[in-house]
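Worksheet for the structure shown next.
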Amino acid sequence: MPGAAARDAEQSGSDHPCIRWTGGGCRRIPIFVFHADAILTNDSYLRLIGEHYHLSYKIVRTDSRLVRSILTAHGFHEVHPSSSDYNLMWTGSHLKPYLLRSLTDIQKVNHFPRSYELTRKDRLYKNVSRMQLAHGFKAFHILPQTFILPAEYQDFCNTYSKDRGPWIVKPVASSRGRGVYLINNPNQIVLEDNILVSRYISNPLLIDDFKFDVRLYVLVTSYDPLVIYLYEEGLARFATVRYDQASKNIKNQFMHLTNYSVNKKSGDYVSCDDPEVEDYGNKWSMSAMLRYLKQEGRDTAALMANVEDLIIKTVVSAELAIATACKTFLSHRGSCFELYGFDVLIDDTLKPWLLEVNLSPSLACDAPLDLKIKASMLSDMFTLVGFVCQDPGQRSGRAINHSSESGRRNPYQKLQVSIFILLWTTSFQKPRAL
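Structure follows, in C-alpha cells:
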C-alpha cells in the first residue's frame, strides 16, 4: 500500500529512492527526489511517496507536457488552476503581487517577480549597460553593441555612418526568432515602439560551414543570497544553409538565424531519431559540440569558463532589482525559482556573446535528443529546488514551521552548499564552485 511504503521509508530514512532527508532529530524533513527515467518506466513504486503525501501541482497559462509527465510519473496529481492547494505552480507568465504574497512555506512557483529584468531584451541591455558604467566596459562586454529604437535612433545612425554592419533588428519582448531580420541600411528598419538594433556578429564560429548557437539552461534558486546553477548539458542549434557573409544573403533567415522554430521550416532541416546520436543533423548536444571543437584543437575549457563568466555577469546585472522585488512581494524566501534559457553565440575567436535570455524556455520534445536532455534537466531541477513532502491541503498538524522563525531558511537550502555562486550538475552531488 502507498501509505505503508511511505511510512516504511519515513522510518528508515533511506529506503525509498524518492525521499532525501534533511535536518536531524524531530526536525528531520523529507525532501522529494525526482528520477528522469520515471516517465519511461511508468514504475508505480516511484509514485508511492507523491501519492502518500498527496503532492500536487497546477499548470497555468502554459502547456508543458513534459512537466506534467514528470510530475505525474512521481505521484503528483494535477489540481484545477484556481485551486490554492498545491506544492508547485508552473506558469507561463509572472504572478500578480497578491498571489505571490499568498504562497505558503511549502509552495513554489517557477518565476521570480521582475525576472523580466533579464528576459526583456531592452531591460537586459540597460542592466548590462549600467554594469559597464559601474565596473568598466571590458568587464561586462558580453552583449553586441545595441541601441533601443526609436529613443536611440540618432545614436544608431551616427554609429552606422562609421560601421555599416550588417545589423540585426529584434522586438524587445519576442522569442523564437519572431520579428527578427538583418539590415545594412537604417532605411530598412520598420520603426516601432521599443525595438533593438544590435551589431550582427559576422564572424561566427562555424562547424562544417554552418552557423550555430547554444541553448544553455540556467537555474536560479535564490536572489538573496544569489545562487546560480548551470546545467551541464545544453543544445547546439544549427542553421540550415551554409554561412556566407556576402551582402546578397542578408535576407536568408535559414543562414543567419539559428532558432529551431525558424529552421524547422526549412526543407534542408535534418532531424535525428536516435537519442544516442548527439552529433548529427541540425541539433546537437552541447557535449557533442564541445567534443568536436576539442578534436579541432580548440580550448573548450577556456570557452566554458568564459560562458560561465557571461552567465554570472548577466544574472548579477539584474540581481538588485529582482532581489528587491522578492523582499517586497514574497512572504517566504524559498517560494520562487526560475529556469532561464540562455542563448549564446560563439565567434571564431571563441568569445561567447549573449544573444538573449528566455523566459520559460521551450520544453517541447520534437526529437529524442530533446527528451533525453530536457527530462533529465527538469528532474534534476525539481530535486535541487527541494519540494517538502507535505500535503498542501494541511494547514496545521505535521507542519514544517520553518516560516515561524525569523530569518530561518527553507529546507531545500540545506541541500545546497553555502557558496555565492554554484554550477548546477546533473547528479545530486556537491556542485562545483565558480
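Heads up: the sequence shown is residues 1 to 434, going by full-length UniProt numbering.
Here a beta-carbon is modelled for each residue, glycine too, at the ideal position from N, C-alpha and C.
- When secondary structure is reduced to three states using DSSP, Cys-326 falls in the helix class.
- Secondary structure at Ile-228: strand, using DSSP grouped into helix, strand and coil.
- Distance between Gly-281 and Asn-263, taken at the CA atoms: about 12 Å.
- Around the CB of Leu-219, 16 or more other CB atoms lie within 10 Å, so the residue is classed as buried.
- In the three-state DSSP reduction, Phe-156 falls in the helix class (H, G or I).
- The continuous beta strand (DSSP E) containing Pro-30 extends over residues 29-32.
- In this structure Pro-97 is exposed. Its beta-carbon is surrounded by fewer than 16 other beta-carbon atoms within 10 angstroms.
- Under the three-pair Cβ rule at 8 Å, the segment 74-86 counts as touching the segment 48-60.
- Within the same chain, and ignoring the five residues on either side of Ser-360 in sequence, the residues whose Cβ sits closer than 6 Å to its Cβ are Gly-92.
- Inside the segment 361-397, DSSP marks whole alpha helix (DSSP H) runs of 4 or more residues at positions 368-385, from first to last along the chain.
- The distance from the Cβ of Val-197 to that of Leu-133 is about 20 Å, inconsistent with a contact at the 8 Å cut-off.
- The count of Cβ pairs closer than 8 Å, one atom from the segment 240-247 and one from the segment 263-272, reaches three, so the stretches are in contact.
- DSSP assignment within the segment 36-105 yields the following whole alpha helix (DSSP H) runs of 4 residues or more, N-terminal first: 38-41, 48-52, 65-73, 97-101.
- Residue nearest to Cys-157 within the set Ala-301, Tyr-292, Ile-189, Leu-40 is Ile-189 (criterion: CA-CA distance).
- DSSP places Cys-18 outside both helix and strand once states are collapsed to three, so it counts as coil.
- Between the C-alpha atoms of Ala-364 and Cys-26 there is a straight-line separation of about 42 Å.
- For Ile-106, the closest of Thr-119, Arg-333, Arg-291 by C-alpha to C-alpha distance is Arg-333.
- Fully contained in the segment 193-239 are the following beta strand (DSSP E) runs of length 3 or more, in chain order: 195-199, 210-223, 226-230, 235-238.
- The C-alpha of Arg-20 is placed about 26 Å away from the C-alpha of Ser-84.
- If you keep only unbroken beta strand (DSSP E) runs of at least 3 residues inside the segment 124-149, you get 146-149.
- Taking a 10 Å sphere around the C-beta of Glu-276, we find fewer than 16 other C-beta atoms and assign the residue as exposed.
- Distance between Thr-104 and Tyr-116, taken at the CA atoms: about 24 Å.
- Membership of Asn-263 in the alpha helix (DSSP H) is indicated by the continuous run 260-263.
- If you draw a straight line from the Cα of Gln-145 to the Cα of Ser-271, it is about 34 Å long.
- Between Phe-329 and Pro-81, the C-beta spacing is not below 7 Å.
- By the neighbour-count criterion, in which 16 or more other beta carbons inside 10 Å mark a residue as buried, Ser-362 falls on the buried side.
- Under the three-state reduction of DSSP, Tyr-269 is assigned to coil, being neither helix nor strand.
- With contacts defined by Cβ atoms closer than 7 Å, Arg-215 and Leu-230 do not form a contacting pair.
- Contact between the segment 199-217 and the segment 251-259 is established, with three or more Cβ pairs separated by less than 8 Å.
- Under the three-state reduction of DSSP output, Lys-170 falls in the strand class.
- Spatial neighbours of Ala-325 in its own chain (CB-CB distance under 8 Å, excluding positions within 5 residues in sequence) are listed in chain order as Phe-112, Pro-113, Arg-114.
- If you check the CB distance, Ser-335 and Phe-34 do not come in under 7 Å.
- The Cβ-Cβ distance between Pro-392 and Asn-87 falls below 7 Å.
- Nearest in C-alpha terms to Ala-139, of all of Val-357, Lys-374, Ile-312, Ala-367, is Ile-312.
- Looking at the DSSP output, Ile-189 bridges to nothing.
- In chain order, Leu-350 place their CB closer than 6 Å to the CB of Leu-303, counting only its own chain and leaving out the 5 sequence neighbours on each side.
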